[in-house]
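Input: a single structure, listed below in structure tokens.
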Amino acid sequence: MLEIEGLDVAYDDLQALWGIGLRVGSGEIVALIGPNGAGKSTLLRTIAGLVRPRRGEVRFQGQPITRTRPHDLVRRGIALVPEGRRLFARMSVLENLELGAFTPGARVRRNETQAWVYQIFPILRERRHQLAGSLSGGEQQMLAIGRSLMARPRLLLLDEPSWGLAPRVVEQILQIIAEINRRGVTILMVEQNVPAALGLAGRAYILEMGRIVAEGPAAELLQRDHVRRSYLGLLPGTA
Amino acid sequence: MSLLPQQIVYGLLVGSLYGLAATGLSLVFGVLKILNVAHGELIMLGGYASFWIVALLDVDPFLSLLFTLPVMLVVGFFLYHGLFTFVAASAEEARIRNSLLIGFGLALVFHNLAILLWTADERGITTAYSGQVIRVLGLAFPIMRLGGLAAAFLVILGLHGFLHRTYLGKAIRATAEDWEAAALMGINIDTTYRVAFAVSVATAGIAGTLVTIGYSVSPSIGLEWTLKALIVVVLAGLGSMMGTFVGGLLLGVAESASTILLGGAYREVVGLILFLVILLARPQGLFGR
Numbered sequence: 603m604l605e606i607e608g609l610d611v612a613y614d615d616l617q618a619l620w621g622i623g624l625r626v627g628s629g630e631i632v633a634l635i636g637p638n639g640a641g642k643s644t645l646l647r648t649i650a651g652l653v654r655p656r657r658g659e660v661r662f663q664g665q666p667i668t669r670t671r672p673h674d675l676v677r678r679g680i681a682l683v684p685e686g687r688r689l690f691a692r693m694s695v696l697e698n699l700e701l702g703a704f705t706p707g708a709r710v711r712r713n714e715t716q717a718w719v720y721q722i723f724p725i726l727r728e729r730r731h732q733l734a735g736s737l738s739g740g741e742q743q744m745l746a747i748g749r750s751l752m753a754r755p756r757l758l759l760l761d762e763p764s765w766g767l768a769p770r771v772v773e774q775i776l777q778i779i780a781e782i783n784r785r786g787v788t789i790l791m792v793e794q795n796v797p798a799a800l801g802l803a804g805r806a807y808i809l810e811m812g813r814i815v816a817e818g819p820a821a822e823l824l825q826r827d828h829v830r831r832s833y834l835g836l837l838p839g840t841a
Numbered sequence: 012m013s014l015l016p017q018q019i020v021y022g023l024l025v026g027s028l029y030g031l032a033a034t035g036l037s038l039v040f041g042v043l044k045i046l047n048v049a050h051g052e053l054i055m056l057g058g059y060a061s062f063w064i065v066a067l068l069d070v071d072p073f074l075s076l077l078f079t080l081p082v083m084l085v086v087g088f089f090l091y092h093g094l095f096t097f098v099a100a101s102a103e104e105a106r107i108r109n110s111l112l113i114g115f116g117l118a119l120v121f122h123n124l125a126i127l128l129w130t131a132d133e134r135g136i137t138t139a140y141s142g143q144v145i146r147v148l149g150l151a152f153p154i155m156r157l158g159g160l161a162a163a164f165l166v167i168l169g170l171h172g173f174l175h176r177t178y179l180g181k182a183i184r185a186t187a188e189d190w191e192a193a194a195l196m197g198i199n200i201d202t203t204y205r206v207a208f209a210v211s212v213a214t215a216g217i218a219g220t221l222v223t224i225g226y227s228v229s230p231s232i233g234l235e236w237t238l239k240a241l242i243v244v245v246l247a248g249l250g251s252m253m254g255t256f257v258g259g260l261l262l263g264v265a266e267s268a269s270t271i272l273l274g275g276a277y278r279e280v281v282g283l284i285l286f287l288v289i290l291l292a293r294p295q296g297l298f299g300r
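Each protein sequence line maps, in turn, to chains A and B. If you're matching positions, the first sequence starts at 603 in my numbering and goes up one per residue. If you're matching positions, the second sequence starts at 12 in my numbering and goes up one per residue.
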């Protein structure tokens with residue numbers, strides 16, 4: 603569904619990504635893990651069209667989308683839930699959801715999609731007339747995900763969905779991501795919570811210093827010494 | 012004859028035009044993050060467009076808007092595509108100073124162009140019913156200015172409805188709040204920028220017409236109206252069209268009342284004092300968030 607080859611991204615003179623190659627198959631959940639500043643968010647933002655790469659190619663469903671603008675990518679079926687949620691805080695929950703369905707294709711099916719989003723996140727229906735900025739952190743994350751679903755994406759990019767949430771809420775959000783995936787949405791997610799990310803994802807890529815240093819099935823990565831030491835805080839050979 | 016209430020009436024009448032002038036400036040500032048200091052010159056151009064068509068065809072001054080609006084939209088189209096797209100494409104921090112340079116340049120060009128085309132004389136629009144005054148409770152309401160207030164209020168009401176009730180309007184508000192997030196919703200930012208700029212130019216044109224009908228127009232009024240609009244934007248804060256309208260009324264009343272309390276010499280100072288006080292005490296403005 604998504605193929606990336608030889609992608610270099612730079613902010614002025616500062617190169618953030620080097621020769622990234624990545625593939626996400628239809629129906630997969632793929633996790634992207636790595637330390638702060640590794641370039642994970644930059645990679646998602648580049649896929650979503652917010653950042654223009656210096657070199658390389660991004661293809662979505664076989665079509666090159668390397669220099670397509672963000673709003674056109676939404677029409678084609680790519681939605682990004684950005685880092686920090688980026689809700690329209692001064693607008694109501696309902697208006698945020700309406701804006702999520704801005705593309706013509708999504709607009710005609712808005713009522714249907716909204717019913718689905720309310721079914722996944724019943725709290726959003728209760729809070730629909732409240733300003734988005736007045737919601738709790740967990741509710742804001744639910745709204746951010748719900749708003750992106752309103753576009754009826756085929757590929758959902760999630761940038762740290764567990765950011766700033768209580769552990770109990772994190773668990774709930776991760777279950778919902780799995781549920782969204784079961785409904786046919788392919789997912790590429792950046793996640794700091796490595797055990798949770800690798801528990802949810804089928805495959806994962808590890809990004810360090812702007813380069814992909816490891817990839818493979820999540821279960822296999824969990825067994826690698828480097829992952830256990832750097833991301834799980836375990837010593838090699840211990841259980 | 013009660014002097015203060017009458018001055019308050021005059022203040023409300025002129026203040027409604029301050030409010031209308033400010034909505035356009037506020038919209039472009041809020042959405043494109045551009046400070047268009049040539050906004051007053053657009054008001055001046057709108058005034059001349061109406062003056063011209065009334066002088067040539069002798070139509071009703073309020074009907075002249077049917078001519079002025081398309082003219083202003085054409086002017087706005089060329090301004091936007093010729094100059095402001097470049098500013099809007101630059102980084103957010105650079106937009107203000109780039110737009111100031113372009114805006115002051117434009118203001119000079121429009122000012123001198125107007126002197127060439129229409130001479131430096133003050134012009135007004137007069138018709139058969141221009142001088143009529145409605146009297147209520149001993150207060151005088153000049154009919155042209157009352158029409159101006161009504162028109163300004165209707166335009167702002169319409170703008171409020173557009174921004175809150177239509178999909179495109181909501182997309183414009185979303186762009187103002189976070190353009191990147193708006194782009195991720197599938198909103199074409201170029202389109203919302205263009206529409207916001209067009210609306211701003213249109214409101215400037217309407218304001219210019221109403222100013223010329225109720226008062227007068229000359230090539231030099233531009234800077235004065237930019238300044239009034241800027242004071243109202245600071246006074247009211249960004250984000251609410253109704254708040255901006257109320258801010259305009261407040262400035263109008265404060266100015267008019269000051270002529271009684273402090274004497275006419277201080278009329279222009281009052282707005283600047285309000286400007287400073289608001290910036291010190293409540294920098295987000297009275298109705299801003």
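In this text, a Cβ means the ideal position worked out from N, Cα and C, and glycines have one as well.
Within the segment 98 to 116 of chain B, no residue has a Cβ lying closer than 7 angstroms to any Cβ of chain A.
Interface residue (Cβ-Cβ distance to chain A less than 8 angstroms): M196/B is classified as such. W190/B sits in a helix when the DSSP states are folded into three classes. Here L160/B has L24 and S27 as same chain residues with Cβ atoms under 6 angstroms from its own Cβ, once five neighbours each way along the sequence are excluded. F89/B is classed as exposed because its beta carbon has fewer than 16 other beta carbons within 10 Å across all chains shown. Residue-level contact by beta carbon fails for F723/A and chain B, as no gap is shorter than 8 angstroms.
Rounded to the nearest angstrom, the Cβ distance from L701/A to L726/A is 14 angstroms, too far for a contact under 8 angstroms. In this structure, I45/B lies near F95/B, with their beta-carbon atoms less than 8 angstroms apart. When DSSP states are grouped into helix, strand and coil, E133/B belongs to the coil group.
Counting only runs of at least 4 residues, the segment 693 to 737 of chain A fully encloses the following alpha helix (DSSP H) elements, listed from N- to C-terminal order: 695 to 702, 706 to 710, 712 to 722 and 724 to 728. Between the alpha carbons of L112/B and T137/B lies a gap of roughly 37 angstroms. Residues A182, A185 and T186 of the same chain have their beta carbon placed closer than 7 angstroms to that of I198/B, with the five preceding and five following residues left out of the count. The beta carbon of L36/B sits closer than 6 angstroms to those of H50, A240 and V244, all from its chain and outside the five residues before and after it, given in chain order. L249/B sits away from L261/B, with the two beta carbons spaced by 8 angstroms or more.
For the C-beta of D69/B, not a single chain A residue is nearer than 8 angstroms; the gap to the nearest is close to 46 angstroms. Distance from the Cα of G259/B is smallest, within the candidate group I217/B, H175/B, F152/B and A33/B, for A33/B.
Following the DSSP letters along the chain, one finds Q743/A in no beta strand (DSSP E) but inside the alpha helix (DSSP H) bounded by residues G739 to L751.
Among the residues of the segment 222 to 250 of chain B, those with a Cβ less than 9 angstroms away from any Cβ of chain A are G250, in the order of the chain.
Put simply, the CB of R830/A is far from chain B, with every gap to its CB atoms at 8 angstroms or more. Note that the segment 677 to 684 of chain A does not touch the segment 620 to 628 of chain A; fewer than 3 beta-carbon pairs, one per stretch, sit closer than 8 angstroms.
Contacts with chain A (Cβ-Cβ distance below 8 angstroms) from the segment 159 to 181 of chain B involve Y178 and K181, listed in chain order.
Listed along chain B, no residue sits closer than 8 angstroms to E762/A by beta-carbon distance, the nearest being about 15 angstroms off. If you check each beta-carbon in the segment 697 to 708 of chain A against every beta-carbon of chain B, the ones closer than 8 angstroms belong to E697, E700, L701, G702, F704, T705 and A708. Inter-segment contact for the segment 73 to 81 of chain B and the segment 277 to 290 of chain B is absent: fewer than three beta-carbon pairs are separated by less than 8 angstroms. By the neighbour-count criterion, in which 16 or more other beta carbons inside 10 Å mark a residue as buried, D761/A falls on the buried side. The C-beta distance from L652/A to E191/B rounds to 6 angstroms, short enough to fall under 8 angstroms.
When DSSP states are grouped into helix, strand and coil, G658/A belongs to the strand group. A direct Cα-Cα distance of roughly 16 angstroms separates A66/B from Y226/B. By the CB criterion at 8 angstroms, F62/B and R156/B fall outside the cutoff. Residues I45, N47, A207, F208 and S211 of the same chain have their beta carbon placed closer than 7 angstroms to that of V39/B, with the five preceding and five following residues left out of the count.
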